[in-house]
Amino acid sequence: MSGAREKFEDSGEMSDCQLKFLRSLSIVLNDYQNVLPTLPEMCERMITAQTNVPKEPHDKSNFDLFREDEISVLEKRKQGDLVKHLNEELAKKDERISELLSHYKTQKECYKSSNDKYIAEIKAMEDELKESQERISWLESKRNSSERMSTMTSETPLNGKPTSNVSVSTMTDIEGKEDSERFEEMERKYQEMTLKRNEELNNLQHSLHQMEEDAKSIISRKDGELNEMKLSLHRMEEDAKSIISIRDGELNQMKLREKELKEKCKAHLGCKDEELREMKMREKELKEKCKALLESKDEELREMKMRLAHLSEKLVRKDQRKVEDTAAANRPSKVEEDFADFFDSERMDAIEKMQDVYGSEEDNDIGISYPRLACMIFEAAYEKTTEVKDSALHVFREAINEMINKAAELGEAYLRSEKFKLSSHKVSLKIPMYSQELKYPTEVLDTLLLSLKETALLCSLEFMKEDVQKRVIEKWTSWLASEKSCKFSFSDHLLFKLKDYIKACILLTWRMVVQVPPMQLEYKCTTLKSFHKMVGYHSSPEMCSRPPPNGQGAADDEIACYLWPALLDGGGRIIRRGEVLCKVKAEAV
């Protein structure tokens, strides 16, 4: 802000009054920096309030001036945003240039260190080659001296007979050949290594040169962009100065027009007083009309209350969570009570039968395996009864459609049976396997669902027992495959012992699923939720008999297994929390 003020002071295009105004404005902005983010919104509200002042129908010049002032404010705001954006782009580009320079320096140091390494290796190879050459020259001198000695010995024998030094000369020749071959091999390797290192050095120098050229081109391009941005910023500053001078002139004109508007407002207020008297007369007329309308609306309200009562009766049939018949045998409160008693009676009897069959009294079996098997049987019964209930609902819906569509045909067939005095009449209905929309009112279907709920204790459910047993065997086999701590397998003898418990599970779950809306069992969640009660940790058998110290596990605890599922009503309300075992965290072991 101070920099902008100095620029305006340095320019000789502004008067003293304008300079004083800018100084006072900068002081106010510095004192109220917290208000600056909401300043545009405040300006818009002020402009809106000023434009809402009553005007003459022919007075449009004032509105145009306010509109131009609003446009100028928006232009200044856009220019400020553009300058801010340009500064951010410049900062990003400077940061990118610094990163490229640092990367260039790093690569240069790497190439320099690699070149030093290659030079050291070449020097070591040269030293080794020099030693090999010295050894070869020494061996050649030794061989020459041996040859001279052998020649002298053969010319002057001591006992009058020539002495043979073939073995000595032969050994010397062999050693010389080996050394020559070794020297040639080392020289060949040295030349190959020298060519390889020279090629790598040339590649590195070429890559370094290419990086230098790229860095120079990037820096030159960024310098050009920076200069262009500076020129654009300079042009924007010049435009801002010209706009400020224009707005100052417009401000003076606005002051003059303000005086004119005050005079016009006085005349306008006289006209409005006359309109106010007319409005009061109209108000009286409207009050009389309102009385008549209220009487008609009261009649409509009485009709709507009658319709509401009818709709409420329909909703009660569809949802009996809040309203229940106390005389009904299968009412929701009775199911909730039986569910709680089932946990403490039939479930515990089944666990005792499991202990009698397997004879194990270990904490892991009593606390985990036996309750888990009892829970699996209850889950399997719930899955089966849910499928049967959904299928029955499909049959009801399609049978209603079919009976209504073929009502005339069914009536004619019954008349024929009655004419021939038959003892019974058979009705055949075609039920499609796919679901269709119910084309007729749902009152009949709602009545059938209520009847199904009230007669739940009278339904024959024996046919579900075999399928539930199969599901239990599959669940228990899958559990044994993943749970290594369980040491006993499922047996047919145990299944026979638990037949009464399976029947009780089927009956209770059938009473649950036929409620309107049906109750829900929750036993598939993987993490601890509000409808769970953690009774221990799976990996610590001693924890199974007592709850955690704080009474509730952490929200991110992972569930190891269910000992008993949670019961929820049709709307998701928690009736009874499920009991679970959680996995011990790795850091807690």
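Take the sequence shown: its letter number 420 is residue 420 in UniProt numbering, and every next letter is one higher.
For glycine and all other residues, C-beta sits at the position ideal for the given N, C-alpha and C.
Near residue 503, which residues of its chain fall below 7 Å by C-beta distance, leaving aside the five closest residues on each side in sequence? 465
Mind the definition here: the region 562 to 570 touches the region 367 to 380 only if three or more C-beta pairs lie below 8 Å; say whether that holds. yes
Three-state secondary structure assigned by DSSP to residue 297: helix
According to the neighbour-count rule (16 or more other Cβ atoms, all chains shown, within 10 Å of its Cβ), is residue 418 buried or exposed? exposed
Through-space distance from residue 450 to residue 513, alpha-carbon basis: 12 Å
Return the bridge partner residues of residue 570 from the DSSP annotation. DSSP, once it has assigned bridges, lists no residue as partnering residue 570.
How many angstroms separate the CA atom of residue 399 from the CA atom of residue 491? 42 Å
I need the straight-line Cα distance from residue 8 to residue 242, nearest angstrom please. With a pLDDT of 45 at residue 8, under the threshold of 50, the modelled position of this residue cannot be trusted, and the question is left open.
CA-to-CA distance, residue 336 to residue 590, given in whole angstroms: In the structure displayed, the chain extends from 1 to 589; residue 590 sits before or after that span and is not available.
Residue 580: first and last residue of the uninterrupted beta strand (DSSP E) it sits in: 578 to 582
Just to confirm, are residue 575 and residue 396 a CB contact at a threshold of 9 Å? no
For residue 567, which residues in the same chain have their Cβ closer than 6 Å to its Cβ, ignoring the five residues on either side in sequence? 339, 575 and 576
N- and C-terminal bounds of the beta strand (DSSP E) containing residue 532: 532 to 537
In chain order, what residues of the same chain have a beta carbon less than 7 Å from the beta carbon of residue 453, not counting five sequence neighbours either side? 330, 514, 515 and 516
Residue range of the beta strand (DSSP E) that includes residue 522: 520 to 522
Residue span of the beta strand (DSSP E) that contains residue 561, given as start and end: 559 to 564
Which word fits residue 103, buried or exposed, when buried means at least 16 other C-beta atoms lie within 10 angstroms of its C-beta? exposed
Relative to the alpha-carbon of residue 364, which residue among 446, 486, 149 and 357 has its alpha-carbon at the smallest distance? 486
Over what stretch of residues does the alpha helix (DSSP H) that includes residue 411 continue unbroken? 407 to 419
Cα separation between residue 352 and residue 332? 29 Å
DSSP three-state label for residue 119, please. helix
I'd like to know if the region 214 to 233 and the region 114 to 126 are in contact, where contact means that at least 3 CB-CB pairs between them fall below 8 Å. no
So, at 7 Å on beta carbons, what are the nonlocal neighbours of residue 507 in its own chain, with the 5 sequence-adjacent residues on each side left out? 461
Status (buried if at least 16 other CB within 10 Å, exposed otherwise) for residue 138: exposed
Per-residue burial, residue 27 [other beta carbons within 10 Å of its own, 16 or more giving buried]: exposed
For chain C, check one thing: does any of its Cβ atoms lie closer than 9 Å to the Cβ of residue 486? Given the protein chain composition of this structure (a single chain), no chain C is represented.
According to DSSP, residues forming a beta bridge with residue 526: DSSP, once it has assigned bridges, lists no residue as partnering residue 526.
Please say whether residue 357 and residue 497 have beta carbons closer to each other than 9 Å? yes
Helix, strand or coil: how does DSSP classify residue 368 here? helix
Should residue 35 be labelled buried (16 or more other beta-carbon atoms within 10 Å of its own) or exposed? exposed
Cutting at 8 Å between CB atoms, please list the residues of its own chain near residue 392, excluding the five before and the five after it. 452
Meets three-Cβ-pair contact criterion under 8 Å: the region 87 to 95 and the region 224 to 237: yes
Helix, strand or coil at residue 575 according to DSSP, with G and I counted as helix: strand
Regarding residue 366 and the ligand MN, is the C-beta to nearest heavy atom distance less than 8 Å? Questions concerning the ligand MN fall outside what the structure shown contains, since it holds no ligand whatsoever.
Ordered along the chain, which non-local residues of its own chain (more than five positions away) have a Cβ less than 6 Å from that of residue 429? 399 and 402
Please classify residue 527: is it buried, with 16 or more other beta-carbons within 10 angstroms of its beta-carbon, or exposed? exposed
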